[in-house]
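Have a look at the structure below before the remarks.
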Amino acid sequence: MPIPNASIEEIFAHNGILAKHFSYYTPRQSQITMALAVANSLKENTTLICEASTGTGKTYAYLIPAIRMAHDEQKQIVISTGTKNLQDQLFQRDLPKLLNILNKPIAYCQIKGRSNYLCLAKLDQANNDNWQDTEIVRHINYIKRNHRQTDWGEVGEFSQLEENSMAWKLLTSTNDNCLAHHCEYFDDCYIYKAREKALFADIVIVNHHLLMSDMILKQEGKNPLLADFDACIVDEAHQMIDIASHFYSISFSSKQIKNFLKDVWQANIDEAGEKEQLEQHIDLFRQQLDALNFYFLQIGGDKSWQFILQALGQQFLELKKTMSRLVSLLETMQLIGKNIQHCFQRSQKLLSMMNKIFDNQVNNSIHWYETYRSDFTIYLTPLDIAAQYSEHSQTSKVAWIYTSATLSSLNNFNLLEPLFDKPELSRYFQFFTQQLGLDNSTCLSLPSPFNYAQQALFYHPNELPEPAHGNFVEKLVDTSLPILHRLQGKTFFLFTSYRAMYQAYEILLKHELGCEFNLLVQGKQPKQEMLERFIKEKNSVLLGTYSFWQGVDVPGQALSCVIIEKLPFASPNEPVTAAKLAMLKQQQLHPFYSYQIPQAIISLKQGIGRLIRSLSDYGVLIIADRRIYTKSYGKMFRDILPNMPSTHCFNEVDKFLTDHEQGTNH
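Every number in my numbering is 7 more than the matching position in the sequence shown, counting from 1.
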């Protein structure tokens, strides 16, 4: 039996509880330092920003203090992750394992977004639909037969059905079309049962999207998704800036309106019968949306919002008029049935959103749009979310812990000892803290346990041109071929754009390497399937964009080389980035050094972190961008590289790999 009131130091000691239960456990000072800092933040209700390098053991470093606080102090703690994979790992493996060995029984649960749960009303509706697609029918029947045997009706519980099955799009609800307590299936609803359990759990595991949804609902005074928790631990916190920015944006899409019109039509058929006037409004609305989509396709995706307003302003006005008339008509019909009443409420919200989107006088925000083959989306995105985000997180008496391997522009690969709340530390975390309004936070950066000087080699071929050169990607592939052949694959090719990735793929095929190597290209199959194949199948080369720069763990020699195409600067032509840079310039700040470089450094650290994942790993890092040597700012990027030997000569690469393969590199 463990010591009931064992201290953090006793739990993590070389002869402590973890060492007694895990034969592979080795005490790490960085892990103990982090656990003590987390415990203190939970106790004092402060905000801690903790950058913990890969290999620190940050999961246990925050879970153990969280378990102790939840059990001993009866506090509710929310743990938020950036990916569903980590969320499932915490819920299914790490948390129950630690609860068992610490002998601190508590109630815990996980909750995901509603798109992860079966909607019984949608299932009932699907049963009545005459589907022509036999695969969809087969999947729907499988879900119908098996959902009562699941605990939560959650997508992952249906093991024989892929998560990207078209059936799930038909059988899950959205915020717009959910009838909530007006639904006849409400008492059995999977999503509301999960939310109810979360209200009374001691530890609740969520993802960043659900956490942001809850924060916004609380700010708006609406029914929240989570109780008023006492502490929140945000893992993979480097993703929070982009996710928060997305949630504070307003969007209007033709697909969203088409789904609404489909629901109006169905409600009309089910509850009102034939009503010609309503159907005429729906037909007119669809015609206007199709015409508007045609105009967007003709204009293209690179015009300013002022240009769009001048070109399509009249069409926007007609669209609002049609929605306004539809709102009025649904208002006269709302007493007919609950579905029509719900459609009326949705129409009011959509009209309000359209008025905001088409208003050109919104301060500190940027309009931008995306076009697809049959749909378009218009966004209104705030340029500064710090005040909105901190309004909730900083004014309530809640402990907040943000942790990730990359939160600063500091070289934590080469730290010799933890840096804790030093005055000079705040400037390294400035990009993260200022974006989210976390200015009064305690900062901690922990060193890596890996010996990069022994485990890694930095290789930069001299013959590579700068990225702007017309044949840069071709040269990159050519200079990478020797190491691909030397390793027989085992390589990640990380790109900053799909265009460059597919160009490299085509060049590899021209070299007839599709037969020699197992070429895995992002977009051609699900991400998780790509990773599983990369690990299991020999001679694998994976080509990916930003989603493979982070949250990907391939320990061992299945991954022995990471090739980074170029420095990951956000495109200055991307509308939101361009607007932010212009705003910083107006504030008399240098946008390149105050925004673009810190952002690129954090992204680059994520990419580098894919290479070494354990104490026994070794591998070669290639950053193909000459600008780290030729530009004045290049030193800022060289300064965050791990302390490892570097070479411009492939013979040195070959020797490094041979020495490790023979076990002579010590």
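Think of the CB as a built atom: it goes at the ideal place given N, C-alpha and C, for glycine as much as any other residue.
Legend entry - Start-to-end residues for the alpha helix (DSSP H) that takes in Val484: Phe479 to Leu494
Legend entry - Reference Val528; option with closest CA among Asn546, Lys543, Ala279 and Thr552: Thr552
Inset, instruction - Would you please state the rounded distance, in angstroms, between the beta carbons of Val561 and Ile514? I believe it to be under 8 Å. - result: Not quite, the Cβ-Cβ distance comes to about 24 Å (not below 8 Å), so this is no contact.
Inset, instruction - Would you decide whether Arg617 is buried or exposed? Buried here means 16 or more other CB atoms lie within 10 Å of its CB. - result: buried
Legend entry - Through-space distance from Phe663 to Ala460, alpha-carbon basis: 12 Å
Inset, instruction - Identify the continuous beta strand (DSSP E) that holds Ser381 and give its terminal residues. - result: That residue, Ser381, is in no beta strand (DSSP E); it is neither H nor E in DSSP.
Inset, instruction - Leaving aside the five residues before and after Glu51 along the sequence, list all residues of the same chain whose C-beta is less than 8 Å from its C-beta, in chain order. - result: Ala406
Legend entry - Meets three-Cβ-pair contact criterion under 8 Å: the region 506-526 and the region 449-467: no
Legend entry - Cutoff 7 Å; reference Arg35; Cβ partners in own chain excluding five residues on either side: Thr63, Gly64 and Pro456
Inset, instruction - For His374, write down the residues that DSSP places opposite it in a beta bridge. - result: Leu387
Inset, instruction - Give me the Cα-Cα distance between Arg152 and Trp312, rounded to the nearest whole angstrom. - result: 50 Å
Inset, instruction - With distances taken Cα to Cα, identify the nearest neighbour of Ile86 among Pro112, Ile118 and Ser60. - result: Ile118
Legend entry - N-terminal and C-terminal residue of the beta strand (DSSP E) that Cys57 is part of: Thr54 to Ala59
Legend entry - Neighbourhood of Asn525 by C-beta, 6 Å cutoff - its chain only, sequence neighbours within 5 removed: Glu544, Asn546 and Ser547
Legend entry - Cβ contact (3+ pairs, closer than 8 Å) linking the region 76-93 and the region 195-210: yes
Legend entry - Rounded separation between Met8 and Ser260 - CA only: Because the pLDDT of Met8 is 43, which lies under 50, any placement of that residue in the model is unreliable, and the number read from its coordinates should be weighed accordingly. Cα to Cα, Met8 sits roughly 58 Å from Ser260.
Inset, instruction - Output the distance between the C-alpha atoms of Met508 and Glu243, rounded to the nearest integer angstrom. - result: 25 Å
Inset, instruction - Taking only the alpha-carbon atoms, compute the straight-line gap between Asn346 and Asp270 and give it to the nearest angstrom. - result: 9 Å
Legend entry - Distance CB(Ile364)-CB(Leu387) smaller than 8 Å: yes
Legend entry - Beta-carbon proximity list for Arg645, same chain, < 6 Å, skipping 5 on both sides: Ile635
Inset, instruction - Look at the alpha carbon of Tyr600 and the alpha carbon of Leu25, and state the distance between them as a whole number of angstroms. - result: 44 Å
Inset, instruction - Per DSSP, which residues does Gln117 bridge with? Please list them. - result: Ile212
Legend entry - Residue from Glu169, Asp158 and Trp159 whose Cα sits closest to the Cα of Tyr149: Glu169
Inset, instruction - Could you tell me if Asn580 is buried or exposed, where buried requires 16 or more neighbouring beta carbons within 10 angstroms of its beta carbon? - result: exposed
Inset, instruction - Would you mind sorting Lys229 into buried or exposed? The rule is 16 or more other CB atoms within 10 Å of its CB. - result: exposed
Inset, instruction - Please name the residue or residues paired with Leu550 in a DSSP beta bridge. - result: Phe500 and Val528
Legend entry - Exposure label - Thr141; buried when at least 16 CB within 10 Å: exposed
Legend entry - Beta-carbon contacts of Ser331 that lie in its chain and below 7 Å, excluding the five residues immediately before and after: Leu358
Inset, instruction - In angstroms with no decimal places, state the Cα-to-Cα distance between Lys91 and Ser220. - result: 16 Å
Legend entry - For Thr157, the three-state DSSP class (helix, strand or coil): coil
Inset, instruction - Hey, could you find the ends of the beta strand (DSSP E) Leu414 is sitting in? - result: Neither: Leu414 is in no beta strand (DSSP E) and is coded neither H nor E.
Legend entry - Rounded C-alpha distance that separates Cys656 from His492: 16 Å
Legend entry - C-beta atoms of Phe383 and Ser415 nearer than 8 Å: no
Legend entry - Where Leu206 falls, given that 16 or more other Cβ within 10 Å makes a residue buried: exposed
Inset, instruction - Using the Cα positions of Gly477 and Asp632, report the straight-line distance between them to the nearest angstrom. - result: 14 Å
Inset, instruction - Return the CA-CA distance between Cys57 and Lys129, expressed in angstroms with no decimal places. - result: 43 Å
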